[in-house]
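Numbering (the numbering used here), first residue to last: 35 to 361. The beta carbon of each residue, even a glycine, is placed where N, CA and C say it ideally should be. Keep in mind that this is a model prediction, so the values were computed, not measured. Taking it in order: structure first as structure tokens, then the write-up.
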Amino acid sequence: MGWEMEDIWVEKYRPATLDDVVGQPDIVERLKAYVKARNIPHMLFAGPPGTGKTTCAIALARELFGDNWKASFHELNASDERGIDVVRTQIKEYARTAPANDVGFKIIFLDEADSLTSEAQAALRRTMEKFSRTCRFILSCNYSSKIIDPIQSRCAIFRFRALTDVDVKDRLRHIAEREGREVTEEALNAIAYLASGDMRKAINFLQMAAAISDKITEDAVYQATGVAKREEVIGMLKHVLSGDFLKARSILDRMIVELGLSAEDIVKQVHRAIYDLPIDDRHKVELIDRTGEIEFRIVEGANERIQLDALLAHFYFVGKRMEDQST
Ligand SMILES: Nc1ncnc2c1ncn2[C@@H]1O[C@H](COP(=O)(O)OP(=O)(O)OP(=O)(O)O)[C@@H](O)[C@H]1O
Ligand SMILES: [Mg+2]
35 MGWEMEDIWV EKYRPATLDD VVGQPDIVER LKAYVKARNI PHMLFAGPPG TGKTTCAIAL
95 ARELFGDNWK ASFHELNASD ERGIDVVRTQ IKEYARTAPA NDVGFKIIFL DEADSLTSEA
155 QAALRRTMEK FSRTCRFILS CNYSSKIIDP IQSRCAIFRF RALTDVDVKD RLRHIAEREG
215 REVTEEALNA IAYLASGDMR KAINFLQMAA AISDKITEDA VYQATGVAKR EEVIGMLKHV
275 LSGDFLKARS ILDRMIVELG LSAEDIVKQV HRAIYDLPID DRHKVELIDR TGEIEFRIVE
335 GANERIQLDA LLAHFYFVGK RMEDQST
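Structure below.
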């Protein structure tokens, strides 16, 4: 389609230096100390998607190796569909040749390390040891608990956190400014809510909204991302809890017909909205429990419309009970 990396904002605005990384201050500080010492241990980067794991690995490599960093940095994906043997062969081939830099080692960045079986991880551990003189491994994963202990104990562990809404919004403002685009505060709040700490998601949402509207507004965000407005979902639930089933159902209709949302997406948003409802925890727990059950039935192939109506009906009865208790 003639797209260049530069057209994709997540790549265009990937921080090039450790100083440019948003959030994760402790991690950045430790990594900068390694750069200064010109030495690094094997490392394990754990944390949710889009929080800077790959970004930090690349920034670290740039600062250690300089302009020619690519010759000393090899990125691999452990979940490579060609199999772990291909990954292992690639690692061995890469690790075997001497480092072409004056730091004395190369970096192998292994993404999705938690997708490896424990047998494959045991083999990886042996490879790490065998080549540790000339190679440092940075393993990236979402869950460190899925990495075997012998690897964990040989790595410095870095726990990446979901980014705060403030950090996400600051970064989006910066990007919009550089792109010469106007973005409203409501749009930024909506994106931060939808992205829940995933910067990749947030930047993609910003670019999607920017593609359909000159000024980046809240409406553009919801239209581009194809999700219902948070207020709309909460409004629907408030209506049904206060006894207005039909009003709630008409909002549900609008989400399905006009916005074209899937039942699964709607249930997911209902689940999130429950936490923001002005009701006591006991009733929240009951609603969450039922929402989980409905989600399961939908995934299993039950009639979506009936399940969504049944979910609203359950909210209705809970609302009635709350009313009875308070009188
Ligand atoms: N801490 C951050 N500061 C600034 N930008 C970030 C940060 N984290 C992520 N981003 C943005 O999101 C994009 C994706 O980030 P990155 O590749 O580092 O995520 P990741 O943590 O490796 O995620 P995954 O678990 O999916 O591999 C980057 O190109 C960058 O634009
Ligand atoms: Mg990554």
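Beta carbon of asparagine 135 nearer than 8 Å to that of serine 106: Here residue 135 corresponds to residue number 101 of the sequence shown, with the count starting at 1. Here residue 106 corresponds to residue number 72 of the sequence shown, with the count starting at 1. Between asparagine 135 and serine 106, the C-beta gap is smaller than 8 Å, which places the two residues in contact.
Helix, strand or coil at tyrosine 47 according to DSSP, with G and I counted as helix: Numbered from its first residue, the sequence shown carries residue 47 at position 13. DSSP places tyrosine 47 in the coil class of the three-state scheme, outside both helix and strand.
Anticipated Cβ contact below 8 Å, tyrosine 232 with proline 82, distance rounded: Position 198 of the sequence shown, counted from the start, is the residue given in the question as residue 232. Position 48 of the sequence shown, counted from the start, is the residue given in the question as residue 82. According to the sequence displayed, residue 232 carries aspartate and not tyrosine. Confirmed, about 7 Å.
Which same chain residues, not among the five before or five after serine 247, have their C-beta less than 6 Å away from its C-beta? The sequence position of residue 247 within the sequence shown is 213, counting from 1. In the same chain as serine 247, and ignoring 5 residues on each side of it, the C-beta atoms closer than 6 Å to its own belong to Ala254, in chain order.
Measuring from the CB of phenylalanine 107, is there a heavy atom of ligand 1 at a distance below 7 Å? The residue given as residue 107 occupies position 73 in the sequence shown. Not under cutoff, so the answer is no.
Closest to arginine 331 by C-alpha separation, out of Lys104, Ile250, Arg264 and Ala344, would be which residue? As a first step, residue 331 is located in the sequence shown; it is residue number 297 there, counting from the start. For arginine 331, the closest alpha carbon among the candidates Lys104, Ile250, Arg264 and Ala344 is that of Ala344.
Cysteine 189: first and last residue of the uninterrupted alpha helix (DSSP H) it sits in: Translated into the one-based positions of the sequence shown, residue 189 becomes position 155. Premise fails: cysteine 189 is in no alpha helix (DSSP H) and is neither H nor E.
Can you tell me whether glycine 214 is buried or exposed? The criterion is at least 16 other CB atoms within 10 Å of its CB, across all chains shown. The residue labelled residue 214 in the question sits at position 180 within the sequence shown. By the Cβ neighbour-count rule, glycine 214 is exposed, with fewer than 16 other Cβ atoms within 10 Å of its own.
Between the Cα of aspartate 60 and those of Ile191, Gln186 and Ala132, spot the shortest distance and give me the residue it belongs to. On the sequence shown, residue 60 is found 26 positions in, with the first residue counted as 1. Out of Ile191, Gln186 and Ala132, Ile191 has the C-alpha closest to the C-alpha of aspartate 60.
Who pairs with alanine 80 in a beta bridge, going by DSSP? Residue numbering aside, residue 80 sits at position 46 when the sequence shown is read from its first letter. Answer is Cys175 and Arg193.
Helix, strand or coil for isoleucine 42 per DSSP? In the sequence shown, counting from the first residue as 1, residue 42 sits at position 8. Coil at isoleucine 42, not helix or strand.
In terms of residues, what are the limits of the beta strand (DSSP E) holding asparagine 111? Translated into the one-based positions of the sequence shown, residue 111 becomes position 77. Run containing asparagine 111: 107-111, per the beta strand (DSSP E) assignment.
Opposing strand residues paired with isoleucine 142 [DSSP bridges]: Position 108 of the sequence shown, counted from the first residue, corresponds to residue 142. Isoleucine 142 is bridged by DSSP to His108 and Phe171.
Suppose the cutoff is 6 Å on Cβ atoms and the five residues either side in sequence are ignored; what does the same chain contact list for glutamine 359 look like? The count along the sequence shown starts at 1 and reaches residue 359 at position 325. Closer than 6 Å at the Cβ level, and outside the excluded window around glutamine 359, lies no residue.
Are leucine 150 and alanine 112 close, meaning C-beta to C-beta below 8 Å? Mapped onto the sequence shown, residue 150 falls at position 116. Mapped onto the sequence shown, residue 112 falls at position 78. The Cβ-Cβ distance between leucine 150 and alanine 112 falls below 8 Å.
Does the Cβ of valine 202 lie closer than 7 Å to at least one heavy atom of ligand 1? Counted from its first residue, the sequence shown places residue 202 at position 168. Every heavy atom of ligand 1 is 7 Å or more from the Cβ of valine 202, so no.
Nearest-angstrom Cα distance between glutamate 320 and alanine 282? Working through the sequence shown from its first residue, we reach residue 320 at position 286. Working through the sequence shown from its first residue, we reach residue 282 at position 248. Distance between the alpha carbons of glutamate 320 and alanine 282 is about 19 Å.
Ignoring anything shorter than 4 residues or poking outside the segment 242-319, list the alpha helix (DSSP H) runs there in chain order. Counting whole runs of 4 or more residues, the segment 242-319 contains the alpha helix (DSSP H) stretches 252-259, 264-275, 279-291 and 297-308.
Leaving out five residues before and five after isoleucine 118 in sequence, what residues of the same chain have Cβ atoms less than 7 Å from its Cβ? On the sequence shown, residue 118 is found 84 positions in, with the first residue counted as 1. Cβ neighbours of isoleucine 118 within its own chain (closer than 7 Å, five residues either side excluded): Leu150 and Ala154.
Pairs of beta-carbons, one from the segment 250-269 and one from the segment 235-242, closer than 8 Å: are there three or more? Here the segment 250-269 makes contact with the segment 235-242; the two share three or more CB pairs at distances below 8 Å.
If you check the beta carbons only, do valine 274 and histidine 317 fall under 8 Å apart? In the sequence shown, residue 274 corresponds to position 240, counting from 1. In the sequence shown, residue 317 corresponds to position 283, counting from 1. Against a cut-off of 8 Å, the Cβ pair of histidine 317 and valine 274 comes out as no contact.
Which class does valine 217 belong to by DSSP, given the choice of helix, strand or coil? The residue labelled residue 217 in the question sits at position 183 within the sequence shown. It is a strand residue.
Candidates Lys203, Asp278, Glu327 and Gly86, of which the one nearest alanine 224 by Cα: If you number the sequence shown from 1, residue 224 lands on position 190. The option with the nearest alpha carbon to alanine 224 is Lys203.
Nearest candidate by alpha-carbon position, reference arginine 324, set Glu220, Leu197, Val304 and Phe279: Taking the first residue of the sequence shown as 1, we reach residue 324 at position 290. Ranking Glu220, Leu197, Val304 and Phe279 by Cα distance to arginine 324 puts Val304 first.
CA-to-CA distance, leucine 158 to leucine 280, given in whole angstroms: If you number the sequence shown from 1, residue 280 lands on position 246. If you number the sequence shown from 1, residue 158 lands on position 124. Between leucine 280 and leucine 158, the C-alpha separation is close to 59 Å.
Could you have a look at proline 59 and say whether DSSP puts it in helix, strand or coil? Numbered from 1 along the sequence shown, position 25 holds the residue referred to as residue 59. Helix, per DSSP.
Could you check whether the Cβ of lysine 87 sits closer than 7 Å to any heavy atom belonging to ligand 2? In the sequence shown, the residue the question calls residue 87 occupies position 53. For ligand 2, at least one heavy atom lies less than 7 Å from the Cβ of lysine 87.
At a cut-off of 7 Å, is glutamine 58 close to ligand 1 when judged by its beta-carbon and the heavy atoms of the ligand? As a working note, residue 58 is residue 24 in the sequence shown. Answer for glutamine 58: yes, Cβ within range of ligand 1.
Determine, using beta carbons only, whether cysteine 175 and histidine 76 come nearer to each other than 8 Å. For this step, residue 175 is matched to residue 141 along the sequence shown. For this step, residue 76 is matched to residue 42 along the sequence shown. In this structure, histidine 76 does not lie closer than 8 Å to cysteine 175 by Cβ.
Can you find a C-beta in chain C that's less than 8 Å from the C-beta of methionine 242? The chain labelled as chain C is not found in the depicted structure, where only one protein chain is given.
Please confirm whether isoleucine 328 and valine 291 have their CB atoms less than 8 Å apart. Start at 1 with the first residue of the sequence shown, and residue 328 comes out as number 294. Start at 1 with the first residue of the sequence shown, and residue 291 comes out as number 257. Going by C-beta atoms, isoleucine 328 is not nearer than 8 Å to valine 291.
Could you check whether alanine 156 and alanine 93 sit closer than 8 Å to each other, using their CB atoms as the reference points? Counting from 1 along the sequence shown, the entry for residue 93 is found at position 59. Counting from 1 along the sequence shown, the entry for residue 156 is found at position 122. Taking C-beta atoms as the reference points, alanine 93 and alanine 156 fail to come closer than 8 Å.
Note down, in chain order, each residue of its chain lying with its Cβ closer than 7 Å to the Cβ of aspartate 310, except the 5 sequence neighbours on either side. Taking the sequence shown and counting its residues from 1, one reaches residue 310 at position 276. Contacts found: Ile268.
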